[in-house]
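Below is one structure; the comments refer to it alone.
See below:
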């Protein structure tokens, strides 16, 4: 029977020992993990990368015990804001990673900026997520994901050089409408007009009318900026119309490949930041396939999630539980060997994007694999 | 005043809550519960009280929110102005949809409101120039009264205060004639019409009110966080409101708050259990609908009332002379006894292939009991329906007190002083017997605000009304059943209840459709007695009946119909000996 | 627009219209006997699609996969009636009115969706063609390309509705269902097995939804949340066609499908808005549908 004092002494000792052993740092994650497949595919893939990064950090002997707190925002901005509030106020995390919908990120980024908690945005791709805050001194908003403008620029540069007639199919969701706007502006700057523009409502599952319009306009390059990427290919199959398809990085998803089939997807081009020909990328790809099986669908998104999380953990390793210090450490991270095209020093005081324009290239489906387009 | 204490307690709690050191997250959750409650409150009134379904209520939420956000952000309006403008737009659109709701019922209304919700969702998403689409509008001014640090507390007080005021109004509505009338309309529109309620106006009014409440919630929503995005407004949001109403307790005064609270907690749970969130929602829906249809508030009420017995309703000794005389008093009107009150002039009614009423002409004189008899199918009930306004005549005229009422709707005729009972009984089974009778007293309803004041501060709210109704029930021997529902009464007692309701209307003319059918001799005698009392009080009666002894006993005048045509019209003795009447209807005594 | 284009869109429209029409008739069946509409019917369609996809991808032949899917759906139909509809009758006409079965059937549907995500994941799935291998899926008729399934859908759907019509109005059991729809107590007094007729109507609904599911799977992609839009469009078609007659619903469905296809051709940006605006205006003018009857509210 321990006396009360004795018991207190033993407990204090345990706590002290434990604390000396490994302090816990919580990392908050908000992702789209339920709802439409277009969202969930992104969210789950990015989370797969994050989890792999945490494991690797532990295996490499990281200083801290990392606890991931994951909340689903159901692609709803109100929930996203509520979850972020919960993370910083209740769970008191010093860093947040997320989410899929750019609208959601733009909704909670101001909160994080004001509260002084760094955000590693991803896999959202809206161009202005980082640029909106970069002039704040200091900005707490970082991103490790594709940047819409870069991939559109890459596609347009290549498209305008190789094709005379270009058509566009975009969804009518916020993402699709903004992409359409950027594409139209980008083409205008390059002095080219689209021969056909078609929209796809979320509830439409058959694109025959839209593809007919593109075919009649003679489009040789069809830009696919509709979240349900596979629908365009299906319609093309029966119209015996085979333009080259180019679109955002969604087309690199293994799920799309499975649905569309290797024959139809052959030659389709997309924005990319992961070159599977690189040994490190390849090893990562194999490893993810082994862990997740066919739940692993999206190499580039998982890779960026991995890189974003690894970089965050490197910063946490240096700065501990202090959000402000983590922010500063992020800008100083150097010597990181990334899976994706992220450079060894991804950030700087005026650069909060993992991927710069030069890190984004075009990928193409060749014989069931996405490789770099030459 | 005692029951009103709870609102003071609530106000104190609201004032104290943010000062207790709750962190920002919980404060925001509390704000959210408050304004979601407001939207759900409106929905509760709409569906629970007036029985109109709206599957697209998110649309009004969005419209209110966008209205205020766009004006405040893009056009720089001050917040109080943009808020009012947002509510106004919500009211106008609510009115438009409300008009559709008048035409379409039940499934069709569900479809129309669903379509409306979709249209708003699509427009919000694609009219990017106006709404910003899914990227939304940023820098929407927050309702923090210029104080960023404490703004959240002020905002909470604002929203919770608004909710408290609306809850008070809501409780008043539910406990007064307003709620009673809505519940009656929900169950039987023809009943409502013949007691003098303009059903279309009421339904429309409640629809617009619920739209404005949803719009108000939307306004609070957008100014809470300073952003708005079309992703927040979709079909799922409409269903969320619906789920909150039902989980909380549809039709229950506190159903909205309880539902919003449960829903908010649920959302926080499913953020973690995201692989099972749908099973959770679906399971709760099934659970509530199948096992606890009264919702959580209903469940809690049931527990509460079992722990604390309800005080007995105020009991008045039946047969208090003064009360009864008052109750049986007809409406004062111009003209004296004997002059013509109701003129039926060549009225005709045809159904496909059958002429039910064929150019029937007769006059009912003030202060008399006038009976309408004839074989089955003679057109008696049709005629009563035409007079009361539920059927439209195909030809002819009807004049009441010298005024041509042929084109008037039923509720207008009731207002002029015509009351009726039904052959098949039209009682409101969702209300008590006492409330059924009280429904008759439409002409003395006080204004909304005056009534609200009386309800809040006076202990004699509706006391006169109740006493009069109880006295009537007492006269008909129904006083012990006052708090039961009509469904618990025997057929005979139900007929008496309906008669009491008709008397409560203090009409000038009463139309009784088979008042003693199904009653035994004693009960029939009571009715006969009541009929005489009514006549003595100056009320005119037009009675359809089969029972010849009853008819001969009470009537001053009898009209006989056969195959839709009038075949006799006069004093009982004349009619009894009329050849044609005997052939068609009365028959002769068998010769031994 | 050229003639081949016109035919292309017309066929697409007829195919999708047939799907909507099957859904609408399913809703009609349950409404007939119990006055309820299955708000989770799209999820029934989704389960049928998933079962078909799973079996076909696993290598089962079509003549095994399709009946298997239908069998699963029969079970679901019986279950729905038992769990979500029958208990409500005991409560009688309570405050919730029609809201009651909207929510129970919707709740049932949500549970089905969650079961699907747990069983098949949250992503989209590819449905192999029903009758051919992947490569020969497209056939060309006078220079216009169609999926085999598209041509077949309309035909199968028509056959199914013809069978339904014949069943309802020409067979004894069908007439029993119609009798129960008309007046349940009178039917019971006449010796008709009312409970059996009700369950039968739910089974028919499930079969119709299942047929729609397996027919639509190859021409679209299959995912757990695909169902809602089919429920809604089925509901729209039912409103237009009126709640009284399967043939009226058939006409309404085909017209709706074709109109939708042409709207998308001419204005894809707002094409999906038109049906909703149309339906609101339509209901304001003719609240009981093209072929429905107005019921007087006087007792």
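Chains as they are written, first to last, in the working numbering: chain S, 1 to 374; chain B, 375 to 966; chain V, 967 to 1265.
Where a beta carbon is used, it is the ideal one built from N, C-alpha and C, also for glycine.
Small disclaimer: the values here were computed from a predicted structure and weren't measured.
How is the alpha helix (DSSP H) around residue i delimited, first residue to last?
i               : result
residue 1143(V) : 1138–1148
residue 159(S)  : 148–162
residue 224(S)  : Taken as a continuous stretch (DSSP letters only), residue 224(S) belongs to no alpha helix (DSSP H), being part of the beta strand (DSSP E) at 221–225.
residue 779(B)  : Where residue 779(B) is concerned, there is no enclosing alpha helix (DSSP H), given that its DSSP letter is neither H nor E.
residue 995(V)  : 969–1000
residue 386(B)  : 379–390
residue 1193(V) : 1193–1207
Determine the extent of the beta strand (DSSP E) in which residue i is found, giving its start and end residues.
i              : result
residue 773(B) : 769–774
residue 571(B) : Residue 571(B) -> no beta strand (DSSP E), and no H or E assigned at all.
Applying the criterion that 16 or more other CB atoms from any shown protein chain within 10 Å of the CB defines a buried residue, is residue i buried or exposed?
i               : result
residue 1132(V) : exposed
residue 668(B)  : buried
residue 693(B)  : Confidence in residue 693(B) is poor, its pLDDT being 47 and thus under 50, which makes the residue's placement unreliable; the coordinate value appears in the next sentence. With fewer than 16 other Cβ atoms within 10 Å, it is exposed.
residue 857(B)  : exposed
residue 1023(V) : exposed
residue 948(B)  : exposed
residue 193(S)  : exposed
residue 504(B)  : exposed
residue 840(B)  : buried
residue 750(B)  : exposed
residue 452(B)  : exposed
residue 1261(V) : Per-residue confidence for residue 1261(V) stands at a pLDDT of 49, beneath the threshold of 50, marking its modelled position as unreliable; the derived number appears in the next sentence. It is exposed - the Cβ of residue 1261(V) has fewer than 16 other Cβ atoms within 10 Å.
residue 222(S)  : buried
residue 1246(V) : buried
residue 268(S)  : buried
In this structure, what does DSSP give as the bridge partners for residue i?
i               : result
residue 24(S)   : 65(S)
residue 363(S)  : 270(S), 372(S)
residue 744(B)  : 916(B), 931(B)
residue 714(B)  : 739(B)
residue 528(B)  : For residue 528(B), which the question treats as bridged, DSSP gives no partner whatsoever.
residue 353(S)  : 143(S)
residue 722(B)  : 769(B)
residue 883(B)  : 792(B), 914(B)
residue 167(S)  : 196(S), 222(S)
residue 512(B)  : 601(B)
residue 675(B)  : In DSSP, residue 675(B) forms no bridge with anything.
residue 1106(V) : 1111(V)
Hey, residue i and residue j are a contact pair by Cβ (cut 8 Å); roughly how many whole angstroms apart?
i               : j               : result
residue 509(B)  : residue 603(B)  : 7 Å
residue 276(S)  : residue 341(S)  : Not really, about 12 Å apart at Cβ, beyond 8 Å.
residue 432(B)  : residue 611(B)  : 4 Å
residue 879(B)  : residue 814(B)  : 4 Å
residue 1181(V) : residue 1122(V) : 6 Å
residue 482(B)  : residue 1253(V) : 5 Å
residue 1084(V) : residue 649(B)  : 7 Å
With a cut-off of 8 Å, does the C-beta of residue i fall near any C-beta of chain D?
i              : result
residue 182(S) : This model lacks chain D altogether; the protein chains it does include are S, B and V.
Can you list, in chain order, the residues of the segment 641–653 of chain B whose Cβ is nearer than 9 Å to any Cβ on chain V? 649, 650, 651, 652, 653
For the segment 140–165 of chain S, enumerate the residues whose C-beta is nearer than 8 Å to any C-beta of chain B, in chain order. none
What are the residues in the segment 521–539 of chain B lying within 8 Å of chain S by C-beta distance? none
Where the segment 1060–1090 of chain V meets chain S: residues whose CB sits under 9 Å from a CB there: 1083, 1087, 1088, 1089, 1090
Residues in the segment 600–622 of chain B with C-beta within 9 Å of chain S's C-beta atoms, listed in sequence order? 600, 601, 602, 603, 604, 605, 606, 608, 610, 611
Proximal residues, the segment 1198–1230 of chain V versus chain B, C-beta separation under 9 Å: 1198, 1201, 1202, 1204, 1205, 1209
Mind listing which residues of the segment 501–516 of chain B have their C-beta closer than 7 Å to chain S's C-betas, in chain order? 502, 507, 508, 509, 510, 512
Contact set between the segment 399–427 of chain B and chain S, restricted to residues whose Cβ is under 7 Å from the partner: 399, 402
Give the residues from the segment 989–1013 of chain V that approach chain S closer than 7 Å (Cβ to any Cβ), ordered along the chain. Those would be none; no residue qualifies.
Relative to chain S, which residues along the segment 1119–1132 of chain V have a C-beta separation below 7 Å, given in chain order? none
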